[in-house]
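Protein chains in written order, with the numbering used here: chain A, 1 to 337; chain B, 338 to 615.
Yeah, the Cβ is synthetic: ideal placement off N, Cα and C, and Gly gets one too.
Treat the numbers as computed from the prediction; the structure is a model and nothing was measured.
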Amino acid sequence: MTDLLNALVHLTSMLIIPGLAYGSQLALGALGVTLIFGVLRFSSFAHAEGLSMATAITILFTIWLQGMGLSAGVLPTALLGMVLAMPVMALVFIGTDRALYRHFRRINARPEVFMIVSAGVMLMMNGVIRLVIGADGRDFEDGERFIVTARGFRDWSGLAEPLVLKTSQVLTIGIAALATVALFWFLNRTQAGRSMRAYADNRNLALLSGVDPDRIVRLTWIIAAVLSVLAGVLFGLDKGYRPFVYQQLLLPMFAAAVVGGLGSPVGAIVGSMIVAFSELALTFAWKKALAYVLPAAWAPQGMVQALSTEYKFAVSFLILVIVLLVRPAGLFGKVAR
Amino acid sequence: MTRPPPAPDLLVVQDLGISFGGLKAVDGMSLTIRRGSIAGLIGPNGAGKSTLFNLIAGYHRPTTGRVWLEGEDITGLPPHVLFGKGLLRTFQIAREFSTLTVRENLMMVPGGQLGETYIGALFQPARVRAQERALRARADEILEFLQITHVADLPAGGLSGGQKKLLELGRTMMVDPRIVFLDEVGAGVNRTLLYTIADAIRRLNRERGYTFCLVEHDMQFIADLCDDVTCMAQGRCLARGTVDTILSDEAVIAAYLGRGRAAKGTGLAGTPVEAGAA
């Protein structure tokens, strides 16, 4: 019985909670990808860089707030910085749209052209980020780091295995859930949200039904900005901010959006969880958990790890390829007619 | 030339033209639609009727001519602006937001001063809810009017062609339009549903004072509904007048059926020439 509990605690602490947190971070990013795809009809390769820039801006605001002696008590100061970063990021996105994407919309450019333009935006953002905050990583989490510490849990439960619950993990899961509910409320229960869905569904008809296209585009970028700030900062609080690592988020975010079906918000969330848990489960060392559950004679010798952690990005790539081969429209995607 | 036309005419089209490449799809077309009337636009295939609609509705920019809506020059304005001014159109093949429910298809229509600020939406949930209730009530009333309440919560993509036409008509009812252009509303619709549609158009015209302009090939439909009829051929106005005179006009019949038919006493809406009264 104790063995089973130990195994459970071990898995919860090392796999389930980190998986939920990572999945939530991916979901916030993938929602942005899928919204941009649904409404603006292109895959924005600059999205990961957007997360990175959003985080960099938040860090700068956080440093400024800390300098003024402001903090959020036991919570990270970055939560305050995040609120300030949102309008700035919205301006960055809308500015980029005005300067670049709008032109290609006017000349009715094909989606591939947009994709290449977005790759250019990615490179530019990358340069700006290096210029402003540098290429080095930094941790910007302050306040109380843990809600449940390893020692605290062990003393309380008497189990051999520790349960660790980081503040950033709980914040991530909580904020992501709230943001998702708010987004769905907006899309389904408000006039503006319905106009956005209508525009995504049938652009010409939406125009002829009185939907102002500029307004929808602006709105999409604002939502993408808010989601980017949330995704980037929560990922950074959890794992530290390293521009290089953020670039690598592009693949899992896209894999998540494609698995769920590009353009489908529900799909983006489900896809994110699938990608996050596959990545973690395949690179997880199951030895300890199995040792608790199996009889001593069967205890595994090796690490029981399907893939070494260096290959975790290969997992999203593999998922992406499989989905594109088997069900290109994704789980919740509209099948092309 | 640019002097606004006198008031009783709701919509005035003056000398409108557009060419695609070398082809003059619409060539110096003029048209006047009286307030509160149902105007018909007929003409053989390729006469430029749909293109004329597209020009008026802001889908294409005319190369020549002007369009006035109640004395206001609206030439070349984009569709969503025209929509705001109460000029709406529907399509030959009904279009719908297939992933939205039927009710949502109606509720997506932007409603005047309501719901204009999206920042407001975040901070005034009570106002948003009140607005939602009003919108929903309006949508439900329209669904009732069109007798499609039973499909309100289904995705619009699954409707039959005729129901989609009704839905399109419904979308125009979400705002109080000044004029609605219906492009072949009867095409591909079974008889029973066609009567429902004709009935809805007539009631909207009589009870709510909507002005309509409809393109239609079904002459019976035109004869039943329209006050004035204009016949187009090769991008130009061929003839205009009351239903009876147009449907028995020799030039019109010739344009549709070739020369010689009028002499045999065959009108367009039926066998004898007086069929317009049917």
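With 16 as the cutoff for other CB atoms within 10 Å, does G383(B) come out buried or exposed?
exposed
Going by DSSP in three states, W156(A) sits in which element: helix, strand or coil?
helix
Chain-order list of residues whose beta-carbon lies under 8 angstroms from that of S209(A) (same chain, five-residue window excluded):
A198
Could you tell me whether any Cβ in chain A is nearer than 8 angstroms to the Cβ of A471(B)?
no
Taking buried to mean at least 16 other C-beta atoms within 10 Å of its own C-beta, is T58(A) buried or exposed?
buried
Shorter than 8 angstroms from the beta carbon of G333(A) to some beta carbon of chain B?
no
Which word fits A276(A), buried or exposed, when buried means at least 16 other C-beta atoms lie within 10 angstroms of its C-beta?
Classification for A276(A): buried.
With a threshold of 8 angstroms between beta-carbons, can S435(B) be considered close to chain A, or not?
yes
Hey, quick one: how far does the alpha helix (DSSP H) through R197(A) stretch, first residue to last?
Annotation: the continuous alpha helix (DSSP H) that includes R197(A) extends over 191 to 201.
Report buried or exposed for L325(A), applying the criterion of at least 16 other Cβ atoms within 10 angstroms of its Cβ.
exposed
Applying a beta-carbon distance threshold of less than 7 angstroms, which residues of chain A neighbour A507(B)?
Here the sequence assigns Gly to residue 507(B), which means Ala is not the residue at that position. What G507(B) touches in chain A: nothing, since even the nearest Cβ is about 11 angstroms away.
For E441(B), which residues in chain A fall below 9 angstroms Cβ to Cβ?
N188, R194, R197, A198
For I175(A), which residues from the same chain have a beta carbon less than 7 angstroms from its beta carbon, with the 5 sequence-adjacent residues on both sides left out?
L230, L234
For a contact defined as C-beta to C-beta under 9 angstroms, what are the partners of H554(B) on chain A?
Contacts between H554(B) and chain A, judged by CB atoms closer than 9 angstroms, are missing: the closest CB pair is about 22 angstroms apart.
In chain B, which residues lie with their C-beta within 7 angstroms of the C-beta of N202(A)?
R432, F434
Same chain only: Cβ atoms within 8 angstroms of N391(B), ignoring 5 sequence neighbours per side
Within the same chain, N391(B) has close Cβ partners H397.
Tell me the DSSP secondary structure of K312(A) in three-state form.
Looking at K312(A) - three-state DSSP - the assignment turns out to be helix.
C-beta neighbour in chain B for G210(A), strict 8 angstroms
yes
For L344(A), return the contacting residues in chain B, with the cut-off set at a CB-CB distance below 7 angstroms.
This structure cannot speak to residue 344(A), because chain A is shown only from 1 to 337.
Answer with buried or exposed for D139(A), where buried requires no fewer than 16 other C-beta atoms within 10 angstroms of its C-beta.
exposed
Whole-angstrom distance between G421(B) and Q450(B), CA atom to CA atom
With a pLDDT of 43 at Q450(B), under the threshold of 50, the modelled position of this residue cannot be trusted; read the value that follows with caution. The alpha-carbon atoms of Q450(B) and G421(B) are separated by roughly 11 angstroms.
Euclidean distance between Cα positions of I107(A) and L360(B):
23 angstroms
Determine, for P213(A), whether the minimum Cβ-Cβ distance to residues of chain B falls below 8 angstroms.
yes
According to DSSP, simplified to helix, strand and coil, what is G137(A)?
coil
Any chain A beta carbon closer than 8 angstroms to R426(B)
Contacts with chain A at 8 angstroms (Cβ-Cβ) include R426(B).
Does the count of Cβ pairs from the stretch 216 to 224 of chain A and the stretch 288 to 300 of chain A closer than 8 angstroms reach three?
no
In chain A, what lies closer than 9 angstroms to P399(B) by C-beta?
Taking a Cβ-Cβ threshold of 9 angstroms, none of the residues of chain A is close to P399(B); the smallest such distance is about 17 angstroms.
Just checking my contact of L504(B) with E433(B) at CB under 8 angstroms: how many whole Å lie between their CB atoms?
6 angstroms
Can you list, in chain order, the residues of its chain whose CB lies under 8 angstroms from that of M1(A), leaving out five sequence neighbours each side?
If we look at M1(A) and ignore the five residues flanking it on each side, it has no Cβ neighbours.
Nearest to V148(A) by CA position, among P87(A), R130(A), F317(A), T167(A), is which residue?
T167(A)
What residues of chain A sit near F420(B), judged by a beta carbon separation below 9 angstroms?
L207, L208, S209, G210, V211
Just to confirm before moving on: does the CB-CB distance between I274(A) and V258(A) stay below 8 angstroms?
The answer is no: Cβ separation not under 8 angstroms.
Is I269(A) buried or exposed, if buried means 16 or more other CB atoms sit within 10 Å of its CB?
Buried, by the Cβ-count rule.
Proximity to D142(A) [Cα-Cα], best of I116(A), Q25(A), T62(A)
T62(A)
For a cutoff of 8 angstroms on Cβ pairs, would you count M510(B) as touching chain A?
no
Residue range of the unbroken alpha helix (DSSP H) whose run includes K361(B):
From DSSP, K361(B) is part of no alpha helix (DSSP H) but of the beta strand (DSSP E) over 360 to 371.
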